[in-house]
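If you're matching positions, the sequence shown starts at 1 in UniProt numbering and goes up one per residue. Even glycine gets a Cβ: it sits at the ideal position worked out from N, Cα and C. These numbers were taken from a predicted model, which means no experiment stands behind them.
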Amino acid sequence: MSWGKDLWDQTDVVSVHTLKGIEFLEKCSAYVKDRCVVEQQYASSLREILNELNDLAGQHEVMVEGFQDRVLTEITKLVKEFKEQRKRLLAEVDRLEQNRVNAIESMKKAKKEYEKACREAELSDSKYKKADADINLSRAEVEKARSNSIARTQQAESAKSTYASELGKTNDYQRQFYSELLPNVLQKLQEMDEDRIGQVRRLFCVCVEVESSVIPIVQRCFDGMLQEANKVDPAADSLTLVDRYRSGYGLPEEFPFVDLNPPAPAASASVGEVQNGLSNGTDGACSRANSLGSCRLDSKQLHRAYSGRKKGGTLRRIFGNKWSEDHAKEFADLPPSQQCKQVEEQMFRCEKTIERTQAEKQGLLKMKGLYAANPSYGDPVVVAGQLERCENELKVAASEMQRLKALHAEATSRLNMPINATSVPFVNTSASKHTKRSSLSDESLSRNSDASPRNSSSQDVHSCLASESSFRNADSDCDSANNVYYNNDTDDTMILGKATALYDFAGGSEGMISIRQSEQLLILEVDTGDGWTKVRRTKPCPDYEGFVPSSYLKLEFYGDT
């Protein structure tokens, strides 16, 4: 079966079918375009979700490139070719059909002329017979009728010959049209349609090939994902929290007992009795041995109390006057363990810088020797300048390394040292001499160093009991009736006095504390002109220490202050 033999009378159906086939090919082109858009959007979305999906997204982009280069371009070209071929073949069918119609029209015209000539010949012959039978007509009239009849008969014969010729031509062309010409064109249309279907099949295979070509790479991506997923260790991952947030502090010590009972008259008690009373926990007075070292406010202590929070505090005492304010703030908000970790990272980078600079220095030394041996290669003076620069950089890096090592040693020394949950004022006893709390750097690292509006480095000082009237000489005793506070720690930060809240203050910002009217407070740092005074409550509570406006306080400093 073929279109030429079996569909000779269905040319319109063939025309519609071929048109729909080309339209289907165009739909395939639209599908590939939409698929490219989807794959491109999917690749972009994958990248936005996670950077690790970049390789997988790249394979989808490879698919898009394959669809565009190997499928979409080919379909566009084929659609154009098939449309032109169909148009040419249908035009050929129309031309052949028009030739057949013209042949039929010529035949019909010759037939009409033949029919007319026959009628006229019959009429002329009838008139001749009438004239020949009529005796009233002259011989000339009869001869004229006979001549007219003969002429009409000859015309009829000529028309008959013409009609026969046109009929033969028409039949021959029609037979050729249906047996050769039209089947050939229909066969070409069938071949075109088969070619179109074959191209669609091939392009479908190309689409699958393009998509399957990236499957091995995508599978490798999936395999990599599986490998990485299998590497996940829940226990190790949970320990990263320890590595990231371990403070390095030891467990807080127990709160000491605070004896608030009035002490026995110290004037009549011997030094041994006072010490025995303190060791038994029944006397809140200070021993003479500790009074001078713990309670007297000298000029150096006062200077630190007024200016320590703005010049580095403990960190400056460790690293000397070269410790700048920026260095004092370095990692100050981190606990010892995290500070060690950060400093180690900086030390590693500093070591790399030193190694790189030393390598550069070695290269410059070789160049200097080469230039000195052969000046045509270069100027040794220029290299000498570069060597001086390297030397300066090495000195700076070495100084930085020493600073980092000192900072690391300071942070390491505070690892696993106990820290109290709250700094509670307590009476110094003989046993407390052998029990050390964490240093002020420990406490400052356990809290945010920027907590106060004044960025105080003395934020973590400990409360102490000291005489309100202070010790006038080494033989005087502590007067507990005057609410005496002093510091039994190695840190020499002291209480400067006491204050009474004049108004309520809500606080609210980090580093501030709320106070109530008439509340009794201890002065830790005086106002240096910024309008804030650092105070501490007499009893431990969540916000026991912080800054309040100086105008809200009635200040009463101790005598030496």
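Shown here for Tyr-552: same chain residues with a beta carbon closer than 8 Å to its own, the five before and five after excluded, namely Ala-501, Leu-502, Tyr-503, Phe-505 and Ile-515 in chain order. In the structure shown, Trp-3 falls within a helical segment according to DSSP collapsed to helix, strand and coil.
Counting every other CB atom within 10 Å of its CB across the protein chains shown gives Lys-129 a total below 16, marking it as exposed. The Cβ neighbour count for Ile-75, taken over all protein chains shown within 10 Å, is at least 16; the residue is labelled buried. In the structure shown, Phe-255 adopts coil according to DSSP, grouped into three states.
Cys-350 counts as buried, since at least 16 other C-beta atoms from the protein chains shown sit within 10 angstroms of its C-beta. Annotated three-state conformation of Pro-335 is coil, per DSSP.
Apart from sequence neighbours up to five positions away, the residues of its chain that approach Tyr-173 with a beta-carbon distance below 8 Å are Asn-99, Arg-100 and Ala-103, ordered along the chain. Cβ-Cβ distances below 8 Å link Ala-359 to nothing in the same chain once the five nearest sequence neighbours on each side are left out.
Residue pairing of Ile-523 in beta bridges, as defined by DSSP: Gly-497 and Val-535.
For the pair Tyr-371 and Arg-389, the Cα-to-Cα distance works out to about 18 Å. Put simply, of Ile-217, Met-107 and Gly-250 the residue whose alpha carbon is nearest the alpha carbon of Asn-54 is Ile-217. By the neighbour-count criterion, in which 16 or more other beta carbons inside 10 Å mark a residue as buried, Phe-547 falls on the buried side.
The three-state secondary structure of Ile-515, taken from DSSP, is strand. Three or more Cβ pairs closer than 8 Å define a contact, and the stretch 182-198 meets that threshold against the stretch 1-19.
Boundaries of the beta strand (DSSP E) harbouring Lys-554: 553-557, taken from the DSSP string. DSSP places Glu-545 in the uninterrupted beta strand (DSSP E) bounded by 545-549. Collapsing the DSSP output to three states places Gly-250 in a strand.
Distance from the CA of Thr-528 to the CA of Glu-410, rounded to the nearest whole angstrom, comes to 30 Å. For the pair of segments examined, the stretch 55-62 was found to touch the stretch 218-230: the number of CB pairs separated by less than 8 Å reaches three. Cys-205 and Gln-68 have their C-alpha atoms some 15 Å from each other. Residue Asp-195 holds the alpha-carbon nearest to the alpha-carbon of Val-79 among Asp-195, Cys-207 and Ser-518. Between Arg-152 and Ser-126, the CB-CB gap reaches or exceeds 7 Å. According to DSSP, Phe-505 shares a beta bridge with Ile-515. Counting only the Cα atoms, Pro-183 lies some 34 Å from Tyr-114.
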